[in-house]
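Asker:
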Amino acid sequence: MKQHKPKGLQQLVASNITELRKRKNILQKDLASLIGIKQKDLSLIEKGYVDLPLSMLERIAVVLKMPMEFFLVPFQAGDGHDYNFVDKAKLLVTIDKNKLGFVLNLMDLFIDTRLEQTQ
Numbered sequence: 000m001k002q003h004k005p006k007g008l009q010q011l012v013a014s015n016i017t018e019l020r021k022r023k024n025i026l027q028k029d030l031a032s033l034i035g036i037k038q039k040d041l042s043l044i045e046k047g048y049v050d051l052p053l054s055m056l057e058r059i060a061v062v063l064k065m066p067m068e069f070f071l072v073p074f075q076a077g078d079g080h081d082y083n084f085v086d087k088a089k090l091l092v093t094i095d096k097n098k099l100g101f102v103l104n105l106m107d108l109f110i111d112t113r114l115e116q117t118q
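Going by numbering that gives the first Met the number 0, the final residue of the sequence shown carries number 118, and the count climbs one at a time with no gaps.
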């Protein structure tokens with residue numbers, strides 16, 4: 000992997016990988032092992048110093064159980080429990096279909112209730 004100074008999207012992806020790994024309480028060495036690279040290489044990725052191939056981002060996304068798109072938008076910093084609305088919406092794609100159906104039904108119920116209150 001070619002090493003250089005981080006910028007733009009590359010830095011955003013790098014910070015999102017780091018933040019999500021930490022929120023999930025996964026050690027850098029453990030994530031590196033799970034995706035099949037050395038810890039020092041993951042360290043360079045998390046610092047944004049290397050060009051990250053899409054295949055590697057896909058492996059990271061699978062291990063961290065997030066869609067690849069998650070890493071391409073700013074992540075809400077915090078203690079791991081303060082997901083903003085966008086974060087929560089992104090997490091919906093990671094749950095099984097039964098739970099997703101339940102969540103979507105709750106959302107529909109809430110929306111219908113709010114619409115009735117405004118009429």
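In this text, a Cβ means the ideal position worked out from N, Cα and C, and glycines have one as well.
Report back the beta-carbon spacing between P66 and V102 to the nearest angstrom; my notes put them in contact at under 8 Å.
Answerer: For this step, residue 66 is matched to residue 67 along the sequence shown. For this step, residue 102 is matched to residue 103 along the sequence shown. P66 to V102, Cβ: 16 Å. No contact.
Asker: Count the other C-beta atoms from every protein chain shown that fall within 10 angstroms of the C-beta of R20, then say buried if there are 16 or more, exposed otherwise.
Answerer: Within the sequence shown, the letter at position 21 stands for residue 20. Flag for R20 reads buried.
Asker: By DSSP, does V92 sit in helix, in strand, or in coil?
Answerer: Along the sequence shown, read from residue 1 onward, the residue named residue 92 stands at position 93. Coil.
Asker: Is the CB-CB distance between V62 and L33 below 7 Å?
Answerer: Locating residue 62 in the sequence shown gives position 63, counting from the first residue. Locating residue 33 in the sequence shown gives position 34, counting from the first residue. Yes.
Asker: Exposed or buried, what is E45 when buried is set at 16 or more other beta-carbons lying within 10 Å of its beta-carbon?
Answerer: Here residue 45 is taken as the residue at index 46 of the sequence shown, counted from 1. Looking at its Cβ environment, which holds 16 or more other Cβ atoms inside 10 Å, E45 is buried.
Asker: Among L71, I94, D95, K96, whose alpha-carbon lies nearest the alpha-carbon of N15?
Answerer: Indexing the sequence shown from 1 puts residue 15 at position 16. With distances taken between Cα atoms, N15 lies closest to L71.
Asker: Can you give the Cα-Cα distance for P73 and Q10, rounded to whole angstroms?
Answerer: Counted from its first residue, the sequence shown places residue 73 at position 74. Counted from its first residue, the sequence shown places residue 10 at position 11. CA-CA distance, P73 to Q10, rounds to 10 Å.
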